[in-house]
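Report on the following structure.
Numbering (this note's numbering), first residue to last: 405 to 548.
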């Protein structure tokens, strides 16, 4: 039995009512569901090497800070998530303090996973954004 929280964790009648009211007031349409979110979370939790950072925007307006912990720090319940940003660049090991930083680009790999799950997403610079709701919000999204 899996005891880790899933995308529906912390869902209750009060949260459900807040979500329904906010979605209706903002005229949002769902672009993701718990099944899709669960596939993404499961994939990230099973990674044995590098794990990407993420942040999210709640439909009520709060934008979280960046985090890398995919087990308990996620924005539960995911029905609140307007968008989820995933950092797709990994800092490579330093070759010396005087040399510029280099990065390993995981864009293709993560884009493929997100596409196979069926999310609506876009990549700009080092960020992949998954939309939980439409219309798409480009709040705080890096320029192309």
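Every residue gets a Cβ at the ideal spot worked out from N, C-alpha and C, and that includes glycine.
In the DSSP output, which residue or residues are listed as bridge partners for residue i?
i, result
"residue 433", "538"
"residue 485", "462"
"residue 533", "489 and 526"
"residue 471", "458"
First and last residue of the beta strand (DSSP E) that includes residue i?
i, result
"residue 459", "458-462"
"residue 526", "525-528"
What does the Cβ neighbour count give for residue i, buried or exposed, with the cut at 16 atoms within 10 Å?
i, result
"residue 486", "buried"
"residue 434", "exposed"
"residue 454", "exposed"
"residue 508", "exposed"
"residue 421", "exposed"
"residue 460", "buried"
"residue 458", "buried"
"residue 549", "Any answer about residue 549 is impossible in this case: the structure gives the chain only from 405 up to 548."
"residue 582", "Here the chain covers residues 405 to 548 and nothing more, so residue 582 does not appear."
Can you tell me where the alpha helix (DSSP H) holding residue i begins and where it ends?
i, result
"residue 508", "Run containing residue 508: none in the alpha helix (DSSP H); it sits in the beta strand (DSSP E), 507-509."
"residue 494", "Counting along the chain, residue 494 falls outside any alpha helix (DSSP H), though it belongs to the beta strand (DSSP E) covering 493-495."
"residue 443", "438-450"
For residue i and residue j, which I take to be in contact (beta-carbon distance under 8 Å), what is that distance rounded to the nearest angstrom?
i, j, result
"residue 534", "residue 514", "Wrong, their Cβ atoms sit about 10 Å apart, outside the cutoff."
"residue 529", "residue 546", "4 Å"
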